[in-house]
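Scroll down for the structure; my scribbles are underneath it.
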Amino acid sequence: MSTLDSSRVRFVGLLTRKEGLTKDEFMERWEKHGQLIKNSVFSQSILVYEQYHIDDKLREALKEGGVLVADCDGIGIMEVESVEKFNAAMSSEEYATIISVDEETFLNRAKTVVIPAAMSTFIGNDSKLKERA
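The numbers in the sequence shown follow the UniProt record's numbering, run straight up by one, and end at 133.
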């Protein structure tokens with residue numbers, strides 16, 4: 001039986017691109033945004049930041065199979081030590097003047113949703129993951 005891991009705060013973001021951007025433009029800007037975060041002081045409050053770029057061919061194949069698929073352009077997953085540290089980083093001058101400004105160039109904030117979550121692992125076979133790498 002698995003238990004919820006609340007040792008970290010996790011956020012799952014369902015991201016929607018800004019109107020007028022192509023999917024490729026969105027992905028390119030979002031990847032640059034990841035590097036911007038990685039090289040910022042803001043990153044000191046982040047334990048994990050991952051980007052999942054939506055595969056449109058796979059999405060369509062799932063839809064054809066009757067699967068209800070989320071209507072978003074990407075999924076971001078972030079883990080932080082505490083909500084207090086995250087909120088402090090979000091209210092920093094660096095976030096307000098650099099990171100948030102960059103987000104405005106590619107995100108549709110009205111359609112982007114963030115979900116706070118705790119993780120529960122049922123299968124975690126690290127040896128299989130290492131074999132794939």
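Don't be surprised by glycine CBs; every beta carbon is placed ideally from N, CA and C. Just so we're clear, the structure is a prediction, and the values are computed from it rather than from any experiment.
Proximity winner among the options, relative to residue i (alpha-carbon distances)
i	options	result
Phe-106	Trp-30, Val-114, Ile-98	Trp-30
Arg-17	Ile-123, Asn-108, Val-114	Asn-108
Val-114	Ser-43, Met-78, Val-101	Met-78
Beta-bridge partners of residue i, as assigned by DSSP
i	result
Val-113	Leu-14
Val-9	Val-80
Leu-62	Answer is none; Leu-62 lacks a bridge partner.
Leu-4	Looking at the DSSP assignment, Leu-4 forms no beta bridge with any residue, so it has no partner.
Leu-107	Arg-17
Boundaries (first-last residue) of the beta strand (DSSP E) holding residue i
i	result
Gly-76	74-80
Leu-47	46-53
Span separating the alpha-carbon of residue i from that of residue j
i	j	result
Ala-96	Gln-35	17 Å
Val-48	Val-80	7 Å
Asn-87	Glu-94	13 Å
Lys-111	Gly-124	32 Å
Asp-5	Val-83	15 Å
Gly-20	Ile-98	22 Å
Gly-13	Gly-65	25 Å
Residue span of the alpha helix (DSSP H) that contains residue i, given as start and end
i	result
Phe-42	Where Phe-42 is concerned, there is no enclosing alpha helix (DSSP H), given that its DSSP letter is neither H nor E.
Asp-71	Taken as a continuous stretch (DSSP letters only), Asp-71 belongs to no alpha helix (DSSP H), as it is neither H nor E.
Gly-34	23-38
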